[in-house]
Amino acid sequence: MSYSPVSSEWFKNMALLSISKSLSGKGISSEASLFPTGNMFTNLLQAVLSGQDQQNTFVPKNSSGSFITNNSPILNGMKDYSHLLDDNMTLGFTDVSTDKLNSALKGKLSNMGEFFVEAGRRYNINPNLLASIAVHESGNGKSHAANVKNNIAGMMGKNGLCQYESVADSIADMARNLRQNYLDKGYDTIAKIGAKYAPVGAANDPTGLNNNWVKGVNNFFYSFTA
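In terms of our numbering, the sequence shown opens at residue 6 and continues consecutively.
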């Protein structure tokens, strides 16, 4: 079965907005409580999440009834690390530190580093790429799709948003999809993958949010590899 990805960022927006209002009502700084650590990865994620367009209060559909891709916008002031990536860096499998991955992964992605490595080895994909896409698509494991359906990559099937028995199953399915429908077909850079995964100018992306997919994934990829 072939799946197509769709971002679940809207669910994350609403969850974060709800949490923010709840904390504010108790006199607690929502930013301080949601982003307590201050390391580079957290700073990157904070910039992404802080840049959500909270006026987007629904998930629109196109004429065919498919959900419109709604990737997270990134603040114009967010530092772009993508130029620091080695142009020759392979997206094929390479050993990475599961401890480093786990130190950054949160929510439903907590302690899933070994499964990114396992899926990367099975499908010959850099585990850091898998983790970067999952973090960008799921708000680092905090999206509704991640929490309710164990879906951390916005994968869609013929019956809508896919539901998985576990987050590990979702990671494996994302890796399979990327290998079979992207890497094996010549989409061998993050920019090329993004052009298909979240195409700029797509009819089902009326607000242009897909413009930020490549930059966001690039930045998270750098944070894992730096």
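Where is the CB? At the ideal position from N, CA and C, for every residue including glycine. Since the model is a prediction, treat every value here as computed from it, not as a measurement.
- Taking a contact as a CB-CB distance under 8 Å, the pair A151 and G112 counts as one, their CB atoms being some 6 Å apart.
- Excluding residues up to 5 positions away in sequence, L96 lie with their Cβ nearer than 8 Å to the Cβ of T194 in the same chain.
- Exposure of G191 is indicated by the presence of fewer than 16 other C-beta atoms within 10 angstroms of its C-beta.
- Around the beta-carbon of N182, 16 or more other beta-carbon atoms lie within 10 Å, marking it buried.
- A residue is called buried once 16 or more other Cβ atoms fall within 10 Å of its Cβ, and A180 is buried on that count.
- For the options T212, R127 and S175, the alpha carbon positioned closest to that of G159 is the one of S175.
- Annotation: M117 is outside any beta strand (DSSP E) and is labelled neither H nor E by DSSP.
- Following the DSSP letters along the chain, one finds G221 inside the alpha helix (DSSP H) bounded by residues W218 to T230.
- A distance below 9 Å separates the beta carbons of A124 and L135.
- Per DSSP, reduced to three states, the secondary structure at L96 is coil, with no helix or strand assignment.
- Between E142 and I130, the beta carbon gap of about 15 Å keeps them out of contact (Cβ cut-off 8 Å).
- Counting along the chain, the unbroken beta strand (DSSP E) around G162 starts and ends at M160 to G162.
- Taking 8 Å as the upper bound for CB-CB distance, K105 and F229 are in contact here, some 7 Å apart.
- When secondary structure is reduced to three states using DSSP, G213 falls in the coil class, being assigned neither helix nor strand.
- Residue pairing for L166: DSSP places it in a beta bridge opposite M161.
- Beta-carbon to beta-carbon, V222 and I138 are separated by about 6 Å, close enough to satisfy the 8 Å threshold.
- With a cutoff of 9 Å on beta-carbon distance, L114 and V153 are scored as not near each other.
- Sequence-distant partners of N133 (beyond 5 residues in either direction) whose C-beta falls short of 7 Å from its own C-beta, in its chain, are V101, F226, F229 and T230.
- Within the same chain, V219 come within 7 Å of A196 by CB-CB distance, once the 5 residues on both sides are set aside.
- In its chain, beyond the 5 residues on either side, K154, N155, N156, S175 and D178 have a beta carbon closer than 8 Å to the beta carbon of Y169.
- Relative to I198, the option among N215, P211, A208 and G144 whose CA is nearest is N215.
- For D210, the number of other beta carbons within 10 angstroms of its own is at least 16, and it is reported as buried.
- N145 is classed as buried because its beta carbon has at least 16 other beta carbons within 10 Å across all chains shown.
- Here the C-alpha atom of S171 lies approximately 31 Å from the C-alpha atom of A207.
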